[in-house]
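Working notes for the structure below.
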Amino acid sequence: MITTHEDLTPFNTFGIKVHAASFARFSSVSELRTLLHGNAFKDLLILGGGSNVLFTKDVDALVLRNEIQGFEVQWEDNSFAYVKVGSGMVWHEFVLQCLELNLGGVENLSLIPGSVGASPMQNIGAYGVEIKDVFHSLEAYHIATGDIHTFDLDQCEFGYRESVFKRKLKGKYVIVAVTFRLSKHPKINSSYGAIDAELKKMGITQPSIQEISKAVIAIRSSKLPDPKVLGNAGSFFKNPVVDLEVMKKIKVTEPDVPNYPAEAGKCKLAAGWLIEKAGWKGFTEKTYGVHTLQALVLVNYGGSTGHEVYELSSRIIADVEMKFGVTLEREVNIL
Ligand code: FAD
Ligand code: EPU
Numbered sequence: 000m001i002t003t004h005e006d007l008t009p010f011n012t013f014g015i016k017v018h019a020a021s022f023a024r025f026s027s028v029s030e031l032r033t034l035l036h037g038n039a040f041k042d043l044l045i046l047g048g049g050s051n052v053l054f055t056k057d058v059d060a061l062v063l064r065n066e067i068q069g070f071e072v073q074w075e076d077n078s079f080a081y082v083k084v085g086s087g088m089v090w091h092e093f094v095l096q097c098l099e100l101n102l103g104g105v106e107n108l109s110l111i112p113g114s115v116g117a118s119p120m121q122n123i124g125a126y127g128v129e130i131k132d133v134f135h136s137l138e139a140y141h142i143a144t145g146d147i148h149t150f151d152l153d154q155c156e157f158g159y160r161e162s163v164f165k166r167k168l169k170g171k172y173v174i175v176a177v178t179f180r181l182s183k184h185p186k187i188n189s190s191y192g193a194i195d196a197e198l199k200k201m202g203i204t205q206p207s208i209q210e211i212s213k214a215v216i217a218i219r220s221s222k223l224p225d226p227k228v229l230g231n232a233g234s235f236f237k238n239p240v241v242d243l244e245v246m247k248k249i250k251v252t253e254p255d256v257p258n259y260p261a262e263a264g265k266c267k268l269a270a271g272w273l274i275e276k277a278g279w280k281g282f283t284e285k286t287y288g289v290h291t292l293q294a295l296v297l298v299n300y301g302g303s304t305g306h307e308v309y310e311l312s313s314r315i316i317a318d319v320e321m322k323f324g325v326t327l328e329r330e331v332n333i334l
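Its first residue numbered 0, the sequence shown is counted upward by one per residue in numbering that gives the first Met the number 0.
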């Protein structure tokens, strides 16, 4: 059923109040096909969990909320199980099902909000793992023709918070299913960030994937705001990849600047650190601001407009650029 002037507040984790010209939900490819080909519409927006969008105005489009479910082991060999997942499944529920079956590979990605179908859009990542590491293929509905096309790993052109679907194929496909290659003999990946320290605190020396998941959940819950309590979309900016020269210049006055390896001649800086050093951590104005525990996260304390949050992000970009000569890029999709 298509509704008009639908309030999108419950459908975006920032909790921004805007309206969609038309709105409907779909839970199968045939429902999607009927909606797309039975209706005239000016523009189309596919929404999963709405956890990586900032609405800055009403959406003059047909907004379709993806609710396609499904979790099926398609085939397996001695080492891997290939699991096909409906794109509307909640990402963390998918992770929990893998843990239940003792299939490894996504435990470090526990508790990331949103849907399975959005995970390839920006090649979601956390704690040393990105979905490209467990990705086999996906099926996507080609909006112009109604055909289903299959994309393998290379065709998705995954990068850091990037894929072909954010670039040259933007707006052309609806991802309807993703197949993951999960390990039956999981390798533990605990070296990143604070995982080892968290496991130590938990008294665990030889962690299982279930314990890695628990540790990741504990770390995330300690610094990232729960969108049910405080509006946000996770990291608002990407961590910038800069020339080594830029980092060395910052190091002169800030010898402890965190930096991570990147492609030759470059390194990745921590945007959260730059924003904190520039003095923005905990900054609050009217009903919005910068999270007190993680400067990479912008928050809506309730009642903010997307325009206000966007303006704040522009001020932060300008200030970080002035103080460190680094231009931050937004990670969140601005609509
Ligand atoms: P949405 O916000 O609904 O959509 C995002 C974009 O993808 C939109 O452009 C939308 O049109 C498009 N899209 C969605 N579904 C489809 C589809 N089926 N077909 C085609 N296009 C589609 N991200 C990380 O990578 N790592 C993290 O650690 C992380 N932590 C987060 C923590 C918090 C508290 C929050 C709020 C967010 C975090 N994020 C993180 C960002 C977010 O969770 C991911 O980007 C997630 O994949 C978004 O999923 P979604 O279903 O909510 O997408
Ligand atoms: N830092 C600060 N101040 C802050 C925040 C961070 O100094 O306010 C420093 C930390 O001390 C650390 C470094 O920055 O030295 C990195 O911080 P953290 O480990 O918290 O990770 P992040 O780089 O801020 C990235 C991802 C997150 C992901 C975590 C864990 C991006 C843009 N963000 O955050 O992803 O969960 O690593 O792997 O790459 C998201 O994309 O929405 C997201 C939350």
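For glycine and all other residues, C-beta sits at the position ideal for the given N, C-alpha and C.
Checklist entry - Taking one C-beta from the region 163-182 and one from the region 251-269 each time, how about it: are there three or more such pairs within less than 8 Å? => result Touching, no.
Next on the checklist: Tell me whether the region 83-91 and the region 288-302 touch, counting them as touching only if at least three CB pairs, one residue from each stretch, are closer than 8 Å.
Outcome noted: Touching, no.
Item to check | Every unbroken alpha helix (DSSP H) within the region 232-289, with a cutoff of 4 residues, ordered by chain | outcome: Assignment of alpha helix (DSSP H) within the region 232-289, counting only whole runs of 4 or more residues, yields 243-252 and 270-276 in chain order.
Checklist entry - Taking 8 Å as the cut-off, does the CB of Arg160 come closer than this to any heavy atom belonging to the ligand EPU? => result Looking up residue 160 in the sequence shown gives position 161. Answer for Arg160: yes, Cβ within range of the ligand EPU.
Next on the checklist: Does the distance between the C-beta of Asn238 and the nearest non-hydrogen atom of the ligand EPU fall short of 8 Å?
Outcome noted: By one-based count along the sequence shown, residue 238 stands at place 239. Yes; taking the cut-off as 8 Å, the Cβ of Asn238 has a heavy atom of the ligand EPU nearer than that.
Checklist entry - Any chance the CB of Ser234 is under 8 Å from a heavy atom of the ligand EPU? => result Start at 1 with the first residue of the sequence shown, and residue 234 comes out as number 235. In terms of side-chain proximity, the C-beta atom of Ser234 is found nearer than 8 Å to a non-hydrogen atom of the ligand EPU.
Item to check | Span of the alpha helix (DSSP H), counted from its first residue to its last, around Arg160 | outcome: If you number the sequence shown from 1, residue 160 lands on position 161. Element bounds for Arg160: n/a, residue is neither H nor E.
Checklist entry - Where Lys248 and Trp272 are concerned, what is the direct C-alpha to C-alpha distance, given to the nearest angstrom? => result Reading the sequence shown from its first residue, position 249 is the one you call residue 248. Reading the sequence shown from its first residue, position 273 is the one you call residue 272. Lys248 and Trp272: Cα-Cα distance of roughly 16 Å.
Next on the checklist: Quick test of the definition: if touching needs 3 or more C-beta pairs under 8 Å, does the region 10-20 touch the region 52-61?
Outcome noted: Yes, since at least three Cβ pairs between the region 10-20 and the region 52-61 fall closer than 8 Å, the two stretches touch.
Checklist entry - Does the region 206-217 come close enough to the region 153-169 that 3 or more CB-CB pairs lie under 8 Å? => result Pairwise C-beta distances place the region 153-169 out of contact with the region 206-217, as fewer than three of them are shorter than 8 Å.
Next on the checklist: Based on DSSP bridge pairs, tell me the residues matched to Ala143.
Outcome noted: To locate residue 143, count along the sequence shown from 1; it is residue 144. Bridge partners of Ala143: none, in fact.
Checklist entry - Can you tell which of Gly113, Val72 and Ser50 has its C-alpha closest to the C-alpha of Asn11? => result Start at 1 with the first residue of the sequence shown, and residue 11 comes out as number 12. Of all alpha-carbon atoms in Gly113, Val72 and Ser50, the one lying nearest the alpha-carbon of Asn11 is that of Ser50.
Checklist entry - What three-state label does DSSP hand Arg219 in the structure shown? => result Position 220 of the sequence shown, counting from 1, holds the residue named residue 219. Arg219 carries a helical assignment under DSSP once its states are collapsed to helix, strand and coil.
Checklist entry - For Pro336, is the beta carbon positioned less than 8 Å from some heavy atom of the ligand FAD? => result Residue numbering for the chain in the displayed model covers 0 to 334; residue 336 lies beyond these limits and cannot be assessed.
Checklist entry - For the ligand COA, is there a heavy atom less than 8 Å away from the beta-carbon of Glu197? => result Summarising the ligand content, the structure contains the ligand FAD and the ligand EPU and does not contain the ligand COA.
Next on the checklist: Using CA atoms only, rank isn't needed, just tell me which of Ala139, Asp146 and Glu156 is closest to Ile130.
Outcome noted: Position 131 of the sequence shown holds residue 130. Out of Ala139, Asp146 and Glu156, Glu156 has the C-alpha closest to the C-alpha of Ile130.
Checklist entry - Who are Tyr309's beta bridge partners in DSSP? => result Your numbering for residue 309 matches position 310 in the sequence shown. DSSP links Tyr309 through a beta bridge to no other residue.
Checklist entry - How about Ala104 and Lys83: do their beta carbons lie closer than 9 Å? => result Indexing the sequence shown from 1 puts residue 104 at position 105. Indexing the sequence shown from 1 puts residue 83 at position 84. Looking at the sequence shown, residue 104 is not Ala but Gly. With contacts defined as CB atoms closer than 9 Å, Gly104 and Lys83 fail to qualify as a contacting pair.
Checklist entry - Cβ atoms of Leu334 and Lys237: under 9 Å apart, would you say? => result Numbered from its first residue, the sequence shown carries residue 237 at position 238. Numbered from its first residue, the sequence shown carries residue 334 at position 335. Going by C-beta atoms, Lys237 is not nearer than 9 Å to Leu334.
Checklist entry - Curious, which full-length alpha helix (DSSP H) runs of at least 4 residues does the region 25-81 contain? => result Those alpha helix (DSSP H) runs which fall completely within the region 25-81 and span 4+ residues are 28-36.
Item to check | Integer Cβ distance of Val296 from Pro239, believed to fall under 8 Å | outcome: Along the sequence shown, read from residue 1 onward, the residue named residue 296 stands at position 297. Along the sequence shown, read from residue 1 onward, the residue named residue 239 stands at position 240. Incorrect: roughly 16 Å between the Cβ atoms, too far for contact.
Next on the checklist: I need the DSSP call for Asp132, collapsed to helix, strand or coil.
Outcome noted: The residue labelled residue 132 in the question sits at position 133 within the sequence shown. Helix, per DSSP.
Item to check | Opposing strand residues paired with Ala176 [DSSP bridges] | outcome: The residue labelled residue 176 in the question sits at position 177 within the sequence shown. Within the DSSP bridge table, the entry for Ala176 names Gly85 and Glu138 as partners.
Item to check | Proximity below 9 Å, CB of Met120 to CB of Ile174 | outcome: Along the sequence shown, one-based indexing puts residue 120 at 121. Along the sequence shown, one-based indexing puts residue 174 at 175. Contact: yes.
Checklist entry - Name the DSSP bridge partner or partners of Glu5? => result Within the sequence shown, numbered from 1, the residue matching residue 5 stands at position 6. DSSP, once it has assigned bridges, lists Ala19 as partnering Glu5.
Checklist entry - With 16 as the cutoff for other CB atoms within 10 Å, does Ser293 come out buried or exposed? => result For the purposes of this step, residue 293 is taken as residue 294 along the sequence shown, with counting starting at 1. Ser is not the amino acid found at residue 293; the sequence shown has Gln there. Under the 10 Å beta carbon count, Gln293 is surrounded by 16 or more other beta carbons and is classified as buried.
Checklist entry - Assuming Gln73 contacts Thr178 under a Cβ cut-off of 8 Å, what Cβ separation, rounded to an integer in Å, is found between them? => result Taking the first residue of the sequence shown as 1, we reach residue 73 at position 74. Taking the first residue of the sequence shown as 1, we reach residue 178 at position 179. Confirmed, Cβ separation roughly 6 Å.
Item to check | Three-state secondary structure (DSSP) of Val94 | outcome: Stepping through the sequence shown from its first residue, residue 94 is reached at position 95. Val94 carries a helical assignment under DSSP once its states are collapsed to helix, strand and coil.
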